[in-house]
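See below for the structure under consideration.
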Amino acid sequence: MGKKEAVIVGSGTSLLNSGLGRRIDSFHTVFRFRRGEQNLIKHCHDTGVKTDTLVSNCNYKNVAILLNLLKKGHITKIGASRLAFSSTRNISHRSKQWRRVWAYTNKHNIPSDIFRTTEGTNALLEGLSIKRDDIKIPMTYTAGFNTLCCLLNCNYKFHEVHFEHYEFDKIYLCGFDYLSPAPSMNNFYSPNQKITTKHAYKSWHNLEGEAVLIRRIMDKTDKIEVLN
Numbered sequence: 002m003g004k005k006e007a008v009i010v011g012s013g014t015s016l017l018n019s020g021l022g023r024r025i026d027s028f029h030t031v032f033r034f035r036r037g038e039q040n041l042i043k044h045c046h047d048t049g050v051k052t053d054t055l056v057s058n059c060n061y062k063n064v065a066i067l068l069n070l071l072k073k074g075h076i077t078k079i080g081a082s083r084l085a086f087s088s089t090r091n092i093s094h095r096s097k098q099w100r101r102v103w104a105y106t107n108k109h110n111i112p113s114d115i116f117r118t119t120e121g122t123n124a125l126l127e128g129l130s131i132k133r134d135d136i137k138i139p140m141t142y143t144a145g146f147n148t149l150c151c152l153l154n155c156n157y158k159f160h161e162v163h164f165e166h167y168e169f170d171k172i173y174l175c176g177f178d179y180l181s182p183a184p185s186m187n188n189f190y191s192p193n194q195k196i197t198t199k200h201a202y203k204s205w206h207n208l209e210g211e212a213v214l215i216r217r218i219m220d221k222t223d224k225i226e227v228l229n
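Here the numbering used here is used: the first residue of the sequence shown is 2, the next is one more, and so on.
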């Protein structure tokens, strides 16, 4: 039996001119983020088009947009078979928008999972004995980092909440530009919009800190590889 491998596709501008499209689409499971799926046809040579699991954060504005997309058949249009919600803040689940989108997925039998920080990221870091006292996370982890950690927890099962359908022999990362020497949140679907860690995202994410944590995780496991 061949290896079961997955790729988490970020939306960083490093994907442009990468020529990774065919390689990305060859993976058993492709994870993409809502908004990152935009313009896939335009950039398909670099980004690929296959989407098995569409990931969304739980921000009330984003899930409100997602709900409207779901009602228009978005999941079918992009060919996804599952939804995953990256939940990095407990407060997210108090919003009416979140409750509505979750109720909609249940009513219409859309397979959905919740990647919670406490059940995935925190459990993984503690299980692998990864120190993070020297890294300050201002508000919350990014959806990409939280997704990676939750998928790894499905293998290691440091927390009782895990998903057997997300057990992979290896997880590849691409379009995660904060792993580069010059961390960035610029994205391929609007590359001219310049967003840096000195901009609005600085109060929400510590990209350099997450990059350090990913490298520490990579030192502890052979299940992660950056796709270049």
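We put the CB at the ideal spot given by N, CA and C, even for glycine.
Note that this is a predicted model, so its numbers are computed, not measured.
In the assembly as shown, V227 is an exposed residue. Its beta-carbon has fewer than 16 other beta-carbons within 10 Å.
Comparing alpha-carbon positions, the option among S19, N18, V31 lying closest to V10 turns out to be V31.
For K97, the secondary structure class from DSSP, reduced to helix, strand or coil, is helix. In the DSSP annotation of this structure, the continuous segment of the beta strand (DSSP E) that includes Y173 starts and ends at 171 to 175. A Cβ-Cβ distance of about 5 Å is found for the pair F189 and T14, placing them in contact under the 8 Å criterion. Nearest to L84 by alpha-carbon distance, out of N110, R95, R90, S181, is N110. Contact between the stretch 93 to 101 and the stretch 63 to 77 is established, with three or more Cβ pairs separated by less than 8 Å.
In this structure, I136 sits away from N69, with a CB-CB distance that is not shorter than 9 Å. In terms of CA proximity to T141, I92 leads the group L71, L16, I92. For L208, the enclosing alpha helix (DSSP H) begins and ends at 208 to 221. In this structure, F169 sits near C155, with a CB-CB distance shorter than 9 Å. Y179 and N40 have their C-alpha atoms roughly 21 Å apart. Around the beta carbon of R23, a 10 Å sphere encloses fewer than 16 other beta carbons of the protein chains shown; the residue is thus reported as exposed.
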